[in-house]
Amino acid sequence: MKNSEKRLKIWESAALAAVCVALCIGTWAQARQNAISSDLVRLHVIAVSDDAEEQEIKLKVRDAVLDYLRPVLNDAENSVQAKKIISDHLNGIAGAAAEASEGRGVKVSLGREHYPTKSYQGFSLPAGEYQSLKIVLGEGHGHNWWCIVFPPLCLEAAQAQQVQSVMAREDYAIVSDCQGYELKFKLVELWGELVDRFSN
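The opening residue of the sequence shown carries number 0 in numbering that gives the first Met the number 0; numbering runs sequentially from there.
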């Protein structure tokens with residue numbers, strides 16, 4: 000076999016190995032992101048515009064929705080129960096939001112939505128798709144506001160223990176400040192951003 004053919008085979012083998020490694024990493028990152036996101040329900044409120052008044056209305060709507068959700072989610076023990084309760088109360092949530100919106104149009108939905116990486120007190124959530132209670136005011140051209148509605152971390156400083164209580168040990172280690180998991184968090188984060196870029 001000629002040297003040039005040998006070199007070509009080496010490059011082909013290296014390229015194939017690199018593709019295999021990338022696929023394995025991608026599969027692992029997607030599985031971890033799905034596991035992390037399946038334990039949580041996030042709240043996303045989008046204002047009409049960036050005017051100061053509209054941003055203030057956005058926060059009033061947020062408070063009204065959280066006041067409505069607090070008692071109804073009180074008995075939810077996991078995200079599956081939380082999603083079911085929220086789904087059953089979409090009309091009530093829309094009513095609470097409309098009452099606080101001072102005449103702005105309100106659209107309420109529960110579904111999968113892409114979120115960027117977000118840091119809280121003691122942990123960070125990687126970019127990716129999460130179950131999301133989304134509330135859009137008017138045309139929804141303003142800055143948004145988000146938090147975790149299950150477990151309930153919106154109105155108080157986010158406590159890592161509450162997140163830890165609903166996550167598997169490995170998934171919590173990835174999102175928390177655990178030493179040695181920084182690379183795993185970065186892989187999940189980069190994968191979430193990559194998937195979002197290609198899906199758009």
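Cβ atoms here follow ideal geometry from the backbone N, Cα and C, with glycine treated the same way.
Because the structure is a prediction, the values reported are computed rather than measured.
Can you check DSSP and say which residues form a bridge with residue i?
| i | result |
| --- | --- |
| K106 | V135 |
| E204 | With the chain represented from 0 up to 199, any question about residue 204 goes unanswered, as that position is not in the structure. |
| N143 | I45 |
| S37 | Per DSSP, none; premise fails for S37. |
| S118 | S123 |
Measure the beta-carbon distance from residue i to residue j and round it to whole angstroms, keeping in mind my assumption that it falls under 8 Å.
| i | j | result |
| --- | --- | --- |
| A96 | V107 | 6 Å |
| G141 | A46 | 3 Å |
| G127 | G104 | The Cβ separation is near 29 Å, so there is no contact. |
In angstroms with no decimal places, state the Cα-to-Cα distance between residue i and residue j.
| i | j | result |
| --- | --- | --- |
| G139 | K82 | 24 Å |
| Y129 | I56 | 25 Å |
| Q54 | G91 | 22 Å |
| L154 | I147 | For L154, the predicted model reports a pLDDT of 47, less than 50, meaning its position is unreliable and no value from the coordinates is stated. |
| Q80 | S86 | 10 Å |
| P150 | E101 | 29 Å |
| V118 | L124 | Note that residue 118 is Ser in the sequence shown, not Val. Between S118 and L124, the C-alpha separation is close to 6 Å. |
| S131 | W145 | 9 Å |
| A93 | S78 | 21 Å |
| N73 | G110 | 21 Å |
| N143 | P115 | 12 Å |
| H88 | F122 | 29 Å |
| I84 | K133 | 15 Å |
Practice task
Indicate whether the contact test is met: 3 or more Cβ pairs, each with one atom in the stretch 67-80 and one in the stretch 35-54, closer than 8 Å.
Solution key: Between the stretch 67-80 and the stretch 35-54 there are three or more C-beta pairs closer than 8 Å, enough to call the two in contact.
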